[in-house]
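Under the working numbering, residues 546 to 696 are what the sequence shown spells out, in order. We put the beta carbon where it would ideally sit given N, CA and C, even for glycine. Fair warning: this is a prediction, and the values are worked out from it, not measured in the lab.
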Amino acid sequence: MQSPPDTWTFNILIRGLCRVGGVDRALEFFKDTESLDVLPDVVIYNTLINGLCKANEVQRGCELFKEIQSRSDCSPDIVTYTSIILSWSGEPRLKENRLNEARDFLEQIKNSSIIPKPFMYNPVIDGFCKAGNVDEGNVILKEMEEKRCDR
């Protein structure tokens, strides 16, 4: 008697594919989940979004972020937001001047149930400072302090 694959099985498979550079194949498996009556949960979304972001496919990760936002059965969590923020504020993005996307995700958190943590703000502040925009880094730091985001 065989058990049908469940969310754990798909998550393990998707994570493994992402780790070895198979994000396109991971996306195919992700699309197969619903046809096999497995509803992807936030963990599967996070695994795939993180894998896409690490593969420098941040835009595709953002598309999945929008998809999870539109679902009624699961929603982005702190891991989802952090994956996107870290990707938009990382070194490759500094060269592309994409820090505003990271800033936009910090703004989106205000409209969610997520309580922002310093590790979400720090890479954005660091990115703006490294890009020579210390003033914007200070603005974000002040926002962080006003929200008492210190733990």
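> Three-state secondary structure (DSSP) at I660?
Replying inline: Reduced to three states, the DSSP call for I660 is coil.
Check: Per the contact definition of three or more C-beta pairs closer than 8 Å, is the region 617-624 in contact with the region 642-649?
Finding: no
- Task: State buried or exposed for S668, treating a residue as buried only when at least 16 other CB atoms are found within 10 Å of its CB.
- Result: Inspection of the sequence shows that residue 668 is occupied by Pro rather than by Ser. The residue is buried, with at least 16 neighbouring Cβ atoms inside 10 Å.
Could you have a look at D551 and say whether DSSP puts it in helix, strand or coil? It is coil, neither helix nor strand.
Roughly how many angstroms separate the alpha carbons of K675 and S634, rounded to a whole number?
10 Å
message: Can you look up R616 in the DSSP assignment and give me helix, strand or coil?
response: coil
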